Amino acid sequence: MLGGAGIAGLTTTILTGRAQANTQNPVAPATGAANPKGRFAGKVVLITGATSGIGEATARAFAHEGATVHFCGRREALGEQIAQSIREAGGKATFQRADVRVEEEVKSFVDTCAKQYGRVDIAFNNAGVFMTPAQLHEIPLDLILI
2 MLGGAGIAGL TTTILTGRAQ ANTQNPVAPA TGAANPKGRF AGKVVLITGA TSGIGEATAR
62 AFAHEGATVH FCGRREALGE QIAQSIREAG GKATFQRADV RVEEEVKSFV DTCAKQYGRV
122 DIAFNNAGVF MTPAQLHEIP LDLILI
């Protein structure tokens, strides 16, 4: 099983094409002007939890490779700053504040992307949450039997 640093290295390898054995210091995704003819040109990418860490790096990497990126996070000012930075580098990015623990916010996030861009080609579900697990007797039977 890969830890966070291993995932970061794997994501970087996939998006940059450069292998990196030391996952403690992964190769940073390419920076600079976005490539409108990149490997993901014309694709719409939806990313959760992209206001820092792996999510932010992934949003920047997809945008650099020509994708249109629609991402969310809980920190609105930071999300807007990241989206602006991606656009200043020639990429296409929009930020929407959403907390993945709130079902209505997630639905709105996905619906907004689909309405604004007409589709979602790639979903990168990066956000993680820690919640107290429910007791089995508290879970509705129809959710258990799915």
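The sequence shown begins at 2 in this note's numbering and counts up one residue at a time.
C-beta: ideal position from N, C-alpha, C; glycine also.
Just so it is clear, the structure is predicted and the values come from calculations on it, not from any experiment.
According to DSSP, residue 97 shares a beta bridge with 73. Put simply, of 83, 38, 67 and 36 the residue whose alpha carbon is nearest the alpha carbon of residue 58 is 83.
Relative to the Cα of residue 78, the nearest Cα in the group 97, 140 and 139 belongs to 97. Pairing residue 121 with residue 130 gives a Cβ-Cβ distance that is not under 8 Å.
Counting along the chain, the unbroken alpha helix (DSSP H) around residue 145 starts and ends at 142-145. Our two residues, residue 38 and residue 91, have alpha carbons roughly 12 Å apart in a direct line. When the beta-carbon positions are compared, residue 62 and residue 94 stay at least 8 Å from each other. In terms of Cα proximity to residue 72, the closest of 48, 109 and 105 is 48. With contacts defined as CB atoms closer than 8 Å, residue 70 and residue 87 qualify as a contacting pair. Sixteen is the threshold: when 16 or more other Cβ atoms of the shown chains lie within 10 Å of the Cβ of residue 127, as they do, the residue is buried. A check of alpha carbon separations from residue 45 across 52, 53, 64 and 136 identifies 64 as the nearest. Exposed is the label assigned to residue 139, since fewer than 16 other Cβ atoms lie within 10 Å of its Cβ.
As computed with DSSP, residue 47 is found in a beta bridge with 71 and 124. Annotation: the continuous alpha helix (DSSP H) that includes residue 56 extends over 54-65.
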